[in-house]
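Engineer: Here it is, the structure in full.
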Amino acid sequence: MRFDKRMTDLNALFKFTYGLYVVGVKDGEKFGGCVVDAVMQTTVEPPTLVLCCGKKTRTRELLLENKAFSLSVLPDDVDTEIIKNFGFQSARTADKWAAVKHRLRNGLPVLDDAAAWVVCDITDWRELSTHTLFFATIVDAENGAKKPLSYTDYRERKTKGGKTMKYQWVCKVCGYVYDGDTPFEELPDDYVCPVCGVSKADFEKVEVKEK
7 MRFDKRMTDL NALFKFTYGL YVVGVKDGEK FGGCVVDAVM QTTVEPPTLV LCCGKKTRTR
67 ELLLENKAFS LSVLPDDVDT EIIKNFGFQS ARTADKWAAV KHRLRNGLPV LDDAAAWVVC
127 DITDWRELST HTLFFATIVD AENGAKKPLS YTDYRERKTK GGKTMKYQWV CKVCGYVYDG
187 DTPFEELPDD YVCPVCGVSK ADFEKVEVKE K
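When you line the sequence shown up against this note's numbering, it's residues 7 to 217, in that order.
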């Protein structure tokens, strides 16, 4: 079968269930990371998962270099500044973890307010068209009391509580809507979608009704 974009409603992908997570990875004397949604548990014994990360991100470079990472599950009541901090700027120029409360587990950062967290060793990876798929074994984990945030809940919350504007910049791949304080046109050229990792060029300007 051959994919035909004209005959395919990719909005169907929004019905898939995803969480939102913050990756933590070493970057020399500091730490890097980003927001991701493409994470899935694969086996129970040993406990393993897969993580998908955009090829153009600094986080992917650090994952390949260090072969280990932490994953903080964002809670339902997460401060939106956390998402902005890890999603609206590049780890090449910003020390993202310096701006948030966190602690170290196995030498890697996890958010103090996470619904849960895991620390993983990367065992293998596969290169896809726009992303790298990392296979990892869980070496440490802790469950919390908070309810995790789903990507669907996050999108609906943004739609209901969004800013008044005449247009929005929307990711053509995953539907993510940019709502940062910096005008989209002024974002650095290496900006990538915080959810699916595609480049700035993969966003389109969409007109919306003012509220």
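Each residue gets a CB set at the ideal place from its N, CA and C atoms; glycine is no exception. Source: prediction; values computed, not measured.
Using the beta-carbon count (16 or more within 10 Å), is residue 10 buried or exposed?
Structural biologist: The residue given as residue 10 occupies position 4 in the sequence shown. Exposed is the call here.
Engineer: As a quick exercise: from 207, 179, 121 and 212, pick the residue whose alpha carbon is nearest that of residue 15.
Structural biologist: In the sequence shown, the residue the question calls residue 15 occupies position 9. Nearest C-alpha to residue 15: 179.
Engineer: Can you have a look at residue 81 and say buried or exposed, based on whether 16 or more other CB atoms are within 10 angstroms of its CB?
Structural biologist: Here residue 81 refers to the residue found at position 75 of the sequence shown. Flag for residue 81 reads buried.
Engineer: Please report the residue range of the beta strand (DSSP E) in which residue 129 lies.
Structural biologist: Residue numbering aside, residue 129 sits at position 123 when the sequence shown is read from its first letter. Looking at the DSSP string, the run of the beta strand (DSSP E) that includes residue 129 is 122-133.
Engineer: Could you work out which residue in 85, 143, 42 and 33 is closest to residue 24 when comparing CA atoms only?
Structural biologist: In the sequence shown, residue 24 corresponds to position 18, counting from 1. When C-alpha distances from residue 24 are compared across 85, 143, 42 and 33, the shortest belongs to 42.
Engineer: Would you say residue 28 and residue 92 are within 7 Å of each other, going by their C-beta atoms?
Structural biologist: In the sequence shown, counting from the first residue as 1, residue 28 sits at position 22. In the sequence shown, counting from the first residue as 1, residue 92 sits at position 86. For residue 28 and residue 92, yes; Cβs fall inside 7 Å.
Engineer: May I have the straight-line CA-CA distance separating residue 156 from residue 108, to the nearest angstrom?
Structural biologist: For the purposes of this step, residue 156 is identified with residue 150 of the sequence shown, where counting begins at 1. For the purposes of this step, residue 108 is identified with residue 102 of the sequence shown, where counting begins at 1. C-alpha separation (whole angstroms): 21 Å.
Engineer: Determine the direct distance from the alpha carbon of residue 194 to that of residue 207, and round the result to whole angstroms.
Structural biologist: Locating residue 207 in the sequence shown gives position 201, counting from the first residue. Locating residue 194 in the sequence shown gives position 188, counting from the first residue. Distance between the alpha carbons of residue 207 and residue 194: 11 Å.
Engineer: Based on the DSSP secondary-structure assignment, which residues constitute the bridge partners of residue 213?
Structural biologist: Position 207 of the sequence shown, counting from 1, holds the residue named residue 213. BP columns for residue 213 point to 173.
Engineer: Would you identify the three-state DSSP class for residue 86, choosing helix, strand or coil?
Structural biologist: To locate residue 86, count along the sequence shown from 1; it is residue 80. It is helical.
Engineer: Out of 55, 117, 67 and 127, which has the shortest C-alpha to C-alpha gap to residue 87?
Structural biologist: By one-based count along the sequence shown, residue 87 stands at place 81. The option with the nearest alpha carbon to residue 87 is 117.
Engineer: What are the boundary residues of the alpha helix (DSSP H) that residue 71 is part of?
Structural biologist: Locating residue 71 in the sequence shown gives position 65, counting from the first residue. That run of the alpha helix (DSSP H) goes 64-72.
Engineer: Which full runs of the beta strand (DSSP E) of 3+ residues lie inside the segment 183-213, going along the chain?
Structural biologist: 209-213
Engineer: Looking at the structure shown, is residue 34 part of a helix, part of a strand, or coil, going by DSSP?
Structural biologist: As a working note, residue 34 is residue 28 in the sequence shown. Coil, per DSSP.
Engineer: Just grab the DSSP bridge partners of residue 58 for me.
Structural biologist: For the purposes of this step, residue 58 is taken as residue 52 along the sequence shown, with counting starting at 1. Partner(s): 139.
Engineer: Helix, strand or coil for residue 17, going by three-state DSSP, please let me know.
Structural biologist: For the purposes of this step, residue 17 is taken as residue 11 along the sequence shown, with counting starting at 1. Here residue 17 carries a helix assignment [DSSP, helix/strand/coil].
Engineer: Is residue 129 near residue 52, with beta carbons less than 7 Å apart?
Structural biologist: Numbered from its first residue, the sequence shown carries residue 129 at position 123. Numbered from its first residue, the sequence shown carries residue 52 at position 46. No, they are not a contact pair.
Engineer: Mind checking who residue 25 pairs with in its DSSP beta bridge?
Structural biologist: Taking the first residue of the sequence shown as position 1, residue 25 is located at position 19. According to DSSP, which records beta bridges pairwise, residue 25 is partnered with 156.
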